[in-house]
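Under this note's numbering, think of the first position of the sequence shown as 4, with each following residue one higher. Quick reminder that beta carbons are idealized off the backbone N, C-alpha and C, glycines included.
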Amino acid sequence: FSLINTIRQQRFKVDITAGLNTALVNILIGLSLACVVYVSSIYLTMSAGEFLAFFTAMGMLVKPAKSLVNINKPLQQAIVAAKSVFGLINEEIEENKGNKLLETIEGDIEFKDVTFSYNKEKSPLKNINLLINRGETIALVGSTGSGKTTLVNLLARFYKPTKGEITIDKVNIEKFELESFRSNISFVDQHVRLFNDTIKKNIALGQGDSMPNESVINAAKVSNSLEFIEKLDNQFDTEIGEDGVTLSGGQRQRLSIARAIAKDAPLLILDEATSALDSATEKLVQSAINKMRQGRTTIIIAHRL
């Protein structure tokens, strides 16, 4: 709610500033006209027709003056929007030098003497050696900033190790083609990302229209989402709004798990997937997670077990 309150306060300030601008312009224009009339009545001799023509011409300047002042607000909005658009356009393309296709993860995942530094002074990971056997579930537990998420970000190739290497089936992950590599990873974290579309399309995200309805329904069932979906008027065709705004936190999290189930990837990463939920909802989500991780290599990140 802090973000919502901040946005509301900033919006309130913008509206106040816009209102003051309009009022100030009206006052200045009125004073200017009054001064012109006063000065002209003292120092100039005009006929009634000349005075009327002059005053009419002055009045014609009012609307352009107001428009000139009011253009600042949409101009600033356009500048901010342009920065956002060009920031997205100019985003650096991820390095993808690998040419080896990864059909599925058959063997173990191994971190070999891995070190990662954001800069020379901060190294959250130093000389990490870790072996994760196929089908094994491991938990990374620690305080905030201890490098848990950084570790899985390295595995997902969001970052590159400063030193050392990560291998899957004894092959350095940098040698795999990026799209085929990430198709083997399902990621569920506490920050659920949903789109302004139907429940069905959010569950089948990345799979295209080729995913059968049965697979979507099964994913919803395993994730404990089917119960609340069936209560909706349009069920799987229900529009959920931007970022799933029409759903509760627990419902959004279960849809995120349903998406991971539908993807059916052999490697599952759960990053604080239940940290922001109440106890009742956490039990439902945890039950869905327990079903989902069967037969998969699973990495669980948590502050506590």
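_Quick check on the burial criterion: 16 or more other C-beta atoms within 10 angstroms. Buried or exposed for K203?_
In the sequence shown, counting from the first residue as 1, residue 203 sits at position 200. Buried, since its Cβ has 16 or more Cβ neighbours within 10 Å.
*Extent of the continuous beta strand (DSSP E) to which V144 belongs*: Position 141 of the sequence shown, counting from 1, holds the residue named residue 144. Here the beta strand (DSSP E) through V144 covers 140-144.
_Where V174 sits in the DSSP three-state scheme_ = Looking up residue 174 in the sequence shown gives position 171. The answer is strand: DSSP assigns V174 an E or B state.
*With DSSP collapsed to three states, give me the class of K266.*
For this step, residue 266 is matched to residue 263 along the sequence shown. Helix.
*On the three-pair Cβ rule with 8 Å, is the stretch 227-234 touching the stretch 150-165?*
no
_Residue from T165, K266, D192 with nearest C-alpha to N205_ = Locating residue 205 in the sequence shown gives position 202, where the first residue counts as 1. Closest option to N205, Cα to Cα, is K266.
*Where L273 falls: helix, strand or coil (DSSP)*: For the purposes of this step, residue 273 is taken as residue 270 along the sequence shown, with counting starting at 1. L273 falls in the strand class under three-state DSSP.
*As assigned by DSSP and simplified to three states, the class of S226*: If you number the sequence shown from 1, residue 226 lands on position 223. Here S226 sits in coil by DSSP.
*How is D116 classed by DSSP in three states: helix, strand or coil?*
Residue mapping note: residue 116 aligns to position 113 of the sequence shown, counting from 1. Looking at D116 - three-state DSSP - the assignment turns out to be strand.
*Span of the alpha helix (DSSP H), counted from its first residue to its last, around V155*: Position 152 of the sequence shown, counted from the first residue, corresponds to residue 155. Per DSSP, V155 belongs to the alpha helix (DSSP H) from 151-158.
*Bridge-paired residues (DSSP) for K103*: Your numbering for residue 103 matches position 100 in the sequence shown. F179.
*Contacting residues, own chain, Cβ-Cβ under 7 Å from N130 (five flanking each side not counted)*: Against the sequence shown, residue 130 aligns to sequence position 127. Closer than 7 Å at Cβ, skipping near neighbours: D116, T118.
*Can you tell me which of the three DSSP states S50 falls into?*
Counting from 1 along the sequence shown, the entry for residue 50 is found at position 47. Of the three classes helix, strand and coil, the one that applies to S50 here is coil, per DSSP.
*Spatial neighbours of A305 within its chain, please: CB distance less than 7 Å, with the 5 preceding and 5 following residues excluded, ordered by chain position.*
Taking the first residue of the sequence shown as position 1, residue 305 is located at position 302. Around A305: A142, V144, E275.
*Identified DSSP bridge partners for T300*: Locating residue 300 in the sequence shown gives position 297, counting from the first residue. The partner list for T300 (beta bridge, DSSP) reads L270.
*When you compare only the Cα positions, how much space is there between L271 and I260?*
Counting from one through the sequence shown, the residue named residue 271 turns up at place 268. Counting from one through the sequence shown, the residue named residue 260 turns up at place 257. As the crow flies, the alpha-carbon of L271 is around 10 Å from that of I260.
_Does P67 pass the burial test, meaning 16 or more other C-beta atoms within 10 Å, or should it be called exposed?_
If you number the sequence shown from 1, residue 67 lands on position 64. Result: exposed.
*Go ahead and label N227 buried or exposed: buried means 16 or more other beta carbons lie within 10 angstroms of its beta carbon, across all protein chains shown.*
Position 224 of the sequence shown, counted from the start, is the residue given in the question as residue 227. Result: buried.
*Span separating the alpha-carbon of D111 from that of T300*: Walking along the sequence shown from the start, residue 111 turns up at place 108. Walking along the sequence shown from the start, residue 300 turns up at place 297. Going by the C-alpha atoms only, they are around 9 Å apart.
*The alpha helix (DSSP H) spanning I206 covers which residue range?*
Walking along the sequence shown from the start, residue 206 turns up at place 203. Element bounds for I206: 202-206.
_When you compare the CB positions of L133 and F179, do they come within less than 8 Å of one another, or not?_
What you label residue 133 is simply residue 130 of the sequence shown in a count that begins at 1. What you label residue 179 is simply residue 176 of the sequence shown in a count that begins at 1. Their beta carbons are not under 8 Å apart, which means L133 does not touch F179 by this criterion.
*In three-state DSSP terms, what is E34?*
Counted from its first residue, the sequence shown places residue 34 at position 31. With the sequence shown as reference, residue 34 is identified as Leu, and Glu is not the correct amino acid for it. Reduced to three states, the DSSP call for L34 is helix.
_Can you tell me which residues form a DSSP beta bridge with L91?_
Taking the sequence shown and counting its residues from 1, one reaches residue 91 at position 88. Answer is none; L91 lacks a bridge partner.
*Starting from K66, follow the alpha helix (DSSP H) in both directions and report where the run begins and ends.*
Reading the sequence shown from its first residue, position 63 is the one you call residue 66. Element bounds for K66: 65-73.
_Determine whether the beta carbon atoms of I108 and D172 lie at a separation below 8 Å._
Mapped onto the sequence shown, residue 108 falls at position 105. Mapped onto the sequence shown, residue 172 falls at position 169. Contact: yes.
*From I195 to L208, what does the alpha carbon distance come to, in whole angstroms?*
Within the sequence shown, numbered from 1, the residue matching residue 195 stands at position 192. Within the sequence shown, numbered from 1, the residue matching residue 208 stands at position 205. Note that residue 195 is Val in the sequence shown, not Ile. Taking the straight line from one Cα to the other gives about 13 Å.
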